[in-house]
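Heads up: the sequence shown begins at 4 in the numbering used here, then just goes up one per residue.
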Amino acid sequence: MKLYYALLSGLHASLPLAELRGILEAEGYRYRIVEVFDQLAVFTCNCSSVERVPWRAGLIHEAGLVLAASEPKVDDIVDSLLATDLCSSLEPGDRVRVEFTRVRGYAKKALPDNTARLIAEKITAAVRSCGVAMDPRNPTKTLHIIATQGAAVAGLRQAVQDRKLLDSHRPQKRPFFHPGSLDPRLARLFLNLSRAAPPGPYLDPFCGTGGFPLEAQTLGIPAICGELADKLANGAKTNLQAYPGSQYIITIAQWDATQLPLRDNSIQSIGTDPPYGRSVSTRGKKLETLLEQFLHEAARVLKPGAYLAYAAPHWAEQKALQYTEQAGLKPLEHHYMRVHGSLTRIIILARKEH
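#1: Answer yes if the region 307-324 comes into contact with the region 240-250, meaning at least three C-beta pairs across the two stretches below 8 Å, and no otherwise.
#2: Use the C-beta contact count for Lys306: other C-beta atoms within 10 angstroms, 16 or more gives buried, fewer gives exposed.
#3: What first and last residue would you give for the beta strand (DSSP E) that runs through Ala200?
#4: With a CB to CB cut of under 6 Å and the five nearest residues on each side skipped, what residues in its chain are close to Leu294?
#5: I'd like to check one pair, Glu320 with Ile349: are the Cβ atoms closer than 7 Å?
#6: Please report how far the alpha carbon of Val283 lies from the alpha carbon of Pro182, in whole angstroms.
#7: Kindly list the residues whose CB is nearer than 7 Å to the CB of Arg263, restricted to its own chain and excluding five residues on each side of it in sequence; keep chain order.
#8: Are the CB atoms of Phe103 and Ala86 within a distance shorter than 7 Å?
#9: Ordered along the chain, which non-local residues of its own chain (more than five positions away) have a Cβ less than 6 Å from that of Ala71?
#10: Could you have a look at Ile122 and say whether DSSP puts it in helix, strand or coil?
#11: Does the distance from the CB of Thr241 to the CB of Gln296 come in under 7 Å?
#12: Relative to the alpha-carbon of Glu74, which residue among Val39, Tyr8, Ala150 and Asp97 has its alpha-carbon at the smallest distance?
#13: Checking 7 Å against the spacing of the C-beta atoms, do Ala155 and Ile252 come in under that value?
#14: Restricting to runs no shorter than 3 residues, where is the beta strand (DSSP E) found entirely within the region 170-230?
#15: Under 8 Å, with one C-beta from each stretch per pair, do the region 89-105 and the region 132-141 reach the 3-pair mark?
#16: Using the Cα positions of Arg105 and Lys112, report the straight-line distance between them to the nearest angstrom.
#17: Does the pairing of the region 37-49 with the region 211-228 give three or more beta-carbon distances under 8 Å?
#18: Does DSSP put Ala113 in a helix, a strand or coil?
#19: List in chain order: all unbroken alpha helix (DSSP H) runs of 4+ residues lying wholly within the region 261-337.
#20: Might you give, ordered along the chain, the residues of its own chain that have their beta carbon closer than 6 Å to the beta carbon of Ala200, omitting 5 neighbours on each side?
#21: Quick one: residues in its chain with C-beta nearer than 7 Å to the C-beta of Glu291, no 5 flanking neighbours on either side, listed in chain order?
#22: Would DSSP call Tyr251 helix, strand or coil?
#23: Looking only at its chain, what residues have a beta carbon closer than 8 Å to the beta carbon of Arg131, apart from the 5 residues adjacent to it on each side?
#24: Return the Cβ separation of Leu62 and Leu18 in integer angstroms, given the expectation that the two are a contact with Cβ distance under 8 Å.
#25: CA-CA distance, Thr127 and Leu121?
#26: Leaving out five residues on either side along the sequence, give the residues of the same chain with a beta carbon under 6 Å from the beta carbon of Asn268.
#27: So, under 8 Å CB-CB, Tyr109 and Leu68 are touching, yes? Tell me the CB distance rounded to an integer number of Å.
#28: Whole angstroms are fine: how far does the CA of Ala162 sit from the CA of Val53?
#29: Check whether the Cβ atoms of Gly203 and Pro187 sit closer than 7 Å, and answer yes or no.
#30: What do you get for Gln244, buried or exposed, if any count of 16 or more other CB atoms within 10 angstroms of its CB means buried?
#31: Tell me whether Lys144 sits in a helix, a strand or coil according to DSSP, three-state version.
#32: In terms of residues, what are the limits of the alpha helix (DSSP H) holding Leu89?
#33: DSSP three-state label for Glu54, please.
#34: Between the alpha carbons of Pro95 and Ala123, how many angstroms are there, rounded?
#35: Leaving out the 5 sequence neighbours to the left and right, which residues in its chain are closer than 7 Å to Asn49 when beta-carbon positions are compared?
#36: Contact criterion: CB-CB distance below 7 Å. Does Leu89 meet it with respect to chain D?
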């Protein structure tokens, strides 16, 4: 299997790597995480390309093929690159640009800001011997040098995250707005943690203004969603129809997520953010009761082996984990994400075993 890298977001310590695992599994790849550095993961995969990783991701900036790894020093990077078969990764007629990224200020003394130019100069002869030109202005391929804690990785970039697309999905830019909607990067995260993939269906039983199903339809994943309040359900419909891919939305329902009108074992994945913040309402139902009843419904409708990713506030963590197990779901991971001074979000990943 080939060796790849993923440049991870610095937004959270553990969630980007968890998302990487979720994407690779959702895509049906066999993989192994080889090394994890600060904001950088190196992994093997039986895929021919990792283009779909940043295409799907919320918290992964880019991914590509690893060519070499070394100590974070210019000469060591050059030596490791020249020791590889560069020509096998390049094609005659390619035009190559070298870029340099320093994660969190690492290796400032060993790697100057002009590291990209220094390395480009030192590998030019080897690159030209492959019938390839160095072209920093109009490249067909990018050799990315990434310096992180204790290491430098050199790789051929295969894909980058479409940040403009994600920015266009921000809650404030949708036709219908309501406070409490999550950033589209986090919506993608929940989808990927839940291993959502065609043919689905993916389910968001607390869809709010439609942020999670919007990312599902963008990725071409058939989705079902609903919301208790008529105003929000209608607003979600307005938002989803305003963006490409709305044909992937199977239904947008006004429903009670504790009594879902869905068949047993019919849902491929669930990613959702139940109401618990300052700007949302549980319609008089205690959050603990809402979670307990929702989790039993989630366990009922999920297919065996399917995943659920959901959030709960820190003060309900123990109850949430308890209710998850009591519903017949196996908790696999939980991650803490600070929202503001009085709220930390717990993101829980669970699987229906049988």
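Each residue gets a CB set at the ideal place from its N, CA and C atoms; glycine is no exception. Since the structure is predicted, the reported quantities are computational estimates derived from the model, not experimental observations.
Considering the structure as presented:
#1: no
#2: exposed
#3: Taken as a continuous stretch (DSSP letters only), Ala200 belongs to no beta strand (DSSP E), as it is neither H nor E.
#4: Ala323 and Tyr326
#5: yes
#6: At Val283 the pLDDT is 47, less than 50, meaning the model places this residue with poor confidence; the figure from the coordinates comes in the next sentence. So the two alpha carbons sit approximately 8 Å from each other.
#7: The question names Arg, but residue 263 in the sequence shown is Leu. So the list reads Pro208, Glu300 and Val304, once near-sequence residues are dropped.
#8: no
#9: Ser83, Leu84, Thr87 and Ala157
#10: helix
#11: no
#12: Ala150
#13: no
#14: 205-207 and 226-230
#15: yes
#16: 12 Å
#17: no
#18: coil
#19: 290-304 and 320-329
#20: Ala29
#21: Ala319 and Lys322
#22: helix
#23: Met137
#24: 6 Å
#25: 10 Å
#26: Lys306
#27: Not really, about 22 Å apart at Cβ, beyond 8 Å.
#28: 7 Å
#29: no
#30: exposed
#31: strand
#32: Counting along the chain, the unbroken alpha helix (DSSP H) around Leu89 starts and ends at Leu89 to Ser92.
#33: coil
#34: 18 Å
#35: Met4, Tyr32 and Arg33
#36: Of the chains in the structure shown, none is chain D; there is only one protein chain.
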